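Colleague:
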Amino acid sequence: MKKIVINGEKELNGVINVSGAKNSVVALIPAAILTDEVVKILNTPVLSDTENLKRIITLLGGDITFGNGEMIIDSKNVVNNAIPSDLSERLRASYYFMGALLARFKKVEIHFPGGCKIGKRPIDLHLMAFRKMGAVIDYNDDLYTIVADNLHGANIYLDFPSVGATVNIMLAASLADGITVIENAAKEPEIINLASLINNMGGNIVGAGTDTIRIQGVEKLHGAMIETIPDRIEAGTYIMIGAVASKDFKVCNIIPKHLDTLLSKLRDMKVDFSLGEDYIILNKSKDLTCTDIKTLVYPGFPTDLGQPMSVLLTQAKGTSHFKETIYESRTGHFPELKKMGANIEFEGMDAEITGPCGLQGCEVEASDLRAGAALIIAGLIAKGTTKISNIDYILRGYEDIVVKLTSVGADIAIIEE
Ligand code: UD1
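As numbered in this note's numbering, residues 2 to 418 make up the sequence shown, in order.
Printed below as a string of C-alpha cells:
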C-alpha cells in the first residue's frame with residue numbers, strides 16, 4: 002500500500018506554482034465532446050481525475066493527446082457508448098458525460114458516479130433538470146438511461162446551488178432547442194471557466210458567475226481553446242501551509258479574488274502575508290488568533306478548504322467554532338488529528354477547536370481528498386514522523402504534491418509498505 006511519510010517541523014522556503022483547477026478541468030474535458038472538432042485545454046493538471054476522464058473519452062472513440070499541460074481532444078469519432086461502472090465510479094465528474102452526451106446524441110447510458118465519500122451526494126437536481134428539458138430517465142441496476150428525443154430549453158430553479166447540477170445543465174442546454182434559464186445557479190469560478198469554453202466553441206451563455214444563467218442552445222459547436230483557471234483549493238491549501246510552516250514562502254499563479262473569503266479569515270487570524278497581483282508571500286505566524294468558520298457555497302468559505310483550515314485552527318490561540326454546512330460527513334480527519342494531539346470536540350458537523358497545541362506525528366488515514374490535505378498540513382508541523390495511508394484520494398486532487406513540497410524544503414515522500 003502506498004503511504005505518504007512526513008518528517009515534520011521543517012521551515013519551508015521557496016516558490017510553489019499552483020496548477021490548473023481540478024474542479025474546472027473535470028468539466029472542461031467532458032465539454033470538449035460537445036463538438037466534433039478539436040478542443041485544446043491549456044494548463045491541464047496531471048491528476049488521476051484527468052487520467053480517468055481521458056479513459057472515458059477514449060472509450061467513447063475520442064482521440065486525446067496530453068503533454069506539457071496541454072490536452073488536445075479530437076471528438077470527430079466519438080460514439081455514444083455506455084459508460085461502465087468501473088469507469089464512472091472512479092470519480093464524481095464522470096457524471097458530466099450525462100449532460101455532454103445528452104446534448105450531442107440525445108441519449109446517454111451511464112452508471113452512478115464515484116467521488117469522495119463525504120455525504121449522501123444525490124443527483125436528484127441533475128435528473129430533475131434533464132426531465133424539464135424533455136428527457137425520460139430509466140434507472141435499472143445502477144445504470145441510468147437518459148433519452149431526450151426533443152431536448153429543449155427550460156426554466157430550472159435549483160433548490161440548492163449545486164455546482165454539479167449547474168455544470169450538467171449548461172452542457173445539456175448548450176445544444177438544446179431554445180433557451181434554458183437556471184435560477185439559483187452555482188456561482189463558483191469554475192462555472193465561469195466552463196461558460197467561457199462553451200462560448201469560445203460558439204455557444205451562447207450569459208450570466209455565469211451570477212445566480213441566473215441563461216443558455217441559448219445552438220445547432221452546432223466548433224473547436225476552441227481554453228485555459229484552465231488556477232486551482233483556488235490547491236492555492237488555499239499551500240497558503241495555509243505557508244501560514245504555519247514557512248519563511249518567505251511564495252505561492253504563485255493565484256487569482257486573489259477567488260480566495261477572498263480565505264484571505265479575510267487569515268487576516269482575522271493575524272497570519273503574516275502580503276498579496277501581489279497573482280501571488281502571495283507568507284511567513285509562519287507566531288501568534289495566530291482563533292476565528293469561526295462556516296463553510297458555504299461560493300463566495301462563502303469553501304467546504305473544500307474547511308478540513309485544511311481546521312488544522313490551522315489547532316495552532317490558533319483560543320477556541321474556534323467550526324461548522325460544515327454543505328456535506329454531512331466531512332469529519333473523517335478529526336479523529337486522526339485528535340490522535341496527533343489536537344484539541345477538537347465535534348458533534349455532527351459542528352466542532353470546537355482549541356489551540357494552540359503541539360501535534361505529534363503518528364500513523365493516520367485519509368478518509369477523503371481534503372481530509373488527506375489536512376493531514377499533510379498537520380504532518381508538516383508535527384514533531385516526528387507522520388505516516389498517511391489511503392493516499393490515492395490525495396493524488397486525485399493535488400498535482401505533484403510531494404514534488405512541490407519537497408522543492409520548498411519539506412521532508413516528504415511516497416513509500417510502498
Ligand atoms: C463540487 C466540487 C466539490 C465541492 C462541492 C461544493 C467538483 C468536481 N466538485 O462538488 O469539490 O466540494 O462542489 O462546493 O466541482 N446536492 C443535492 N442534489 C443534487 C446535487 C447536489 O442534494 O442533485 C447537494 C449535495 O449533496 C451537497 C450540495 O448539494 O450537499 C453541494 O453539491 P454540489 O455543489 O453538486 O457539489 P459537487 O458538484 O458534487
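Idealized CB from N, CA, C, for every residue including glycine.
Predicted model only: the values in this text are computed from it and were never measured.
Assign K107 to one of two classes, buried (16 or more other C-beta atoms within 10 Å of its C-beta) or exposed (fewer than that).
Modeller: It counts as buried.
Colleague: Give me, in chain order, the residues of the same chain whose beta-carbon lies closer than 7 Å to that of A101; leave out the 5 immediate sequence neighbours on both sides.
Modeller: Excluding residues within five positions, the ones whose Cβ falls inside 7 Å are P31, A32, I34, L35, L172.
Colleague: Does the distance from the C-beta atom of I227 to that of I42 stay below 7 Å?
Modeller: Yes, the pair counts as a contact, with Cβ atoms nearer than the cut-off.
Colleague: Cutting at 7 Å between CB atoms, please list the residues of its own chain near A166, excluding the five before and the five after it.
Modeller: Excluding positions up to five away in sequence, the list reads L126, H127, A130, L159.
Colleague: Can you tell me where the alpha helix (DSSP H) with I57 in it begins and where it stops?
Modeller: Note, I57: alpha helix (DSSP H), 49-60.
Colleague: Quick check: K340 and C363, are their CB atoms within less than 7 Å of each other?
Modeller: Their beta carbons are under 7 Å apart, which means K340 touches C363 by this criterion.
Colleague: Rounded to whole angstroms, what is the Cα-Cα separation between R215 and E189?
Modeller: For R215 and E189, the distance between alpha carbons rounds to 16 Å.
Colleague: Counting along the chain, where does the beta strand (DSSP E) carrying H127 start and finish?
Modeller: Element bounds for H127: not the beta strand (DSSP E) but the alpha helix (DSSP H), 125-133.
Colleague: Can you tell me the Cβ-Cβ gap for P300 and T262, rounded? I've got them flagged as a contact below 8 Å.
Modeller: The Cβ separation is near 6 Å, so the contact holds.
Colleague: Going by DSSP, what residue range makes up the beta strand (DSSP E) through T146?
Modeller: Residues 144-148.
Colleague: Assuming T45 and V16 are in contact, meaning their beta carbons sit under 8 Å apart, how far apart are those beta carbons, in whole angstroms?
Modeller: Contact flag wrong, Cβ pair sits at about 21 Å.
Colleague: Apart from the five residues on each side of it in sequence, which residues of its chain come closer than 8 Å, Cβ to Cβ, to I392?
Modeller: Excluding positions up to five away in sequence, the list reads K3, K4, I5, A367, G373, I415.
Colleague: Taking the beta carbon of F161 as the centre, do at least 16 other beta carbons fall within 10 Å, making it buried, or is it exposed?
Modeller: Exposed, since its Cβ has fewer than 16 Cβ neighbours within 10 Å.
Colleague: Within 10 Å of its beta-carbon, does G277 have 16 or more other beta-carbons around it, so buried, or fewer, so exposed?
Modeller: Burial call: exposed.
Colleague: Taking the continuous beta strand (DSSP E) assigned at K384, which residues delimit it?
Modeller: K384 -> no beta strand (DSSP E), and no H or E assigned at all.
Colleague: Let me check understanding here. Comparing Cα to Cα, which of K55, I84, A83 lies closest to D75?
Modeller: Closest by alpha carbon: K55.
Colleague: Within 10 angstroms of its Cβ, does V365 collect 16 or more other Cβ (buried), or is it exposed?
Modeller: V365 comes out buried.
Colleague: In this structure, how does DSSP classify T315 when only helix, strand and coil are distinguished?
Modeller: Correct three-state label for T315: helix.
Colleague: With three or more beta-carbon pairs closer than 8 Å as the criterion, would you say the region 140-154 touches the region 251-271?
Modeller: Touching, no.
Colleague: Entirely within the region 6-93 and at least 4 residues each: give me those alpha helix (DSSP H) ranges in chain order.
Modeller: Runs of the alpha helix (DSSP H) inside the region 6-93: 23-32, 49-60, 86-89.
Colleague: Drop a sphere of 10 angstroms on the beta-carbon of K221, count the other beta-carbons inside from all chains shown, and report buried for 16 or more, exposed for fewer.
Modeller: With fewer than 16 other Cβ atoms within 10 Å, it is exposed.
Colleague: For H194, write down the residues that DSSP places opposite it in a beta bridge.
Modeller: Note that residue 194 corresponds to Asn in the displayed sequence, not to His. Per DSSP, none; premise fails for N194.
Colleague: Buried or exposed: Y140, going by 16 or more other Cβ atoms within 10 Å of its Cβ?
Modeller: Exposed is the call here.
Colleague: Could you check if R105 is buried or exposed, using at least 16 other CB atoms within 10 Å of its CB as the buried criterion?
Modeller: Label assigned to R105: buried.
Colleague: Examine the Cβ distances between the region 281-293 and the region 314-326 and report whether three or more of them are shorter than 8 Å.
Modeller: Yes, since at least three Cβ pairs between the region 281-293 and the region 314-326 fall closer than 8 Å, the two stretches touch.
Colleague: Under 7 Å, do A187 and G154 count as touching if we go by C-beta distance?
Modeller: Cβ distance not < 7 Å, so A187 and G154 don't count as in contact.
Colleague: Beta-carbon within less than 7 Å of F347's beta-carbon, same chain only, minus the 5 sequence neighbours each way: which residues are those?
Modeller: Excluding residues within five positions, the ones whose Cβ falls inside 7 Å are T332, F335.
Colleague: Residue range of the beta strand (DSSP E) that H112 falls in?
Modeller: Residues 108-112.
Colleague: Report yes if the CB atom of S286 is closer than 7 Å to the CB atom of A236, and no otherwise.
Modeller: Going by C-beta atoms, S286 is not nearer than 7 Å to A236.
Colleague: In chain order, which continuous runs of the beta strand (DSSP E) of length 3 or greater are located wholly inside the region 218-301?
Modeller: Here the runs fully enclosed are 225-228, 247-253, 273-276, 280-284.
Colleague: May I ask whether a heavy atom of the ligand UD1 can be found less than 6 Å away from the beta carbon of I281?
Modeller: No; taking the cut-off as 6 Å, the Cβ of I281 has no heavy atom of the ligand UD1 nearer than that.
Colleague: Please indicate yes or no: does the CB of G165 lie closer than 6 Å to some heavy atom of the ligand UD1?
Modeller: Answer for G165: yes, Cβ within range of the ligand UD1.
Colleague: Which one or two residues does DSSP pair with Y158 in a beta bridge?
Modeller: E184, per the DSSP bridge assignment.
Colleague: Following the continuous alpha helix (DSSP H) through D393, name the residue where it begins and the one where it ends.
Modeller: That run of the alpha helix (DSSP H) goes 393-398.
Colleague: Any heavy atom of the ligand UD1 closer than 6 Å to the Cβ of L126?
Modeller: Yes, since a heavy atom of the ligand UD1 falls inside the 6 Å radius drawn around the Cβ of L126.
Colleague: Please state the DSSP three-state secondary structure of V207.
Modeller: Three-state DSSP puts V207 in a strand.
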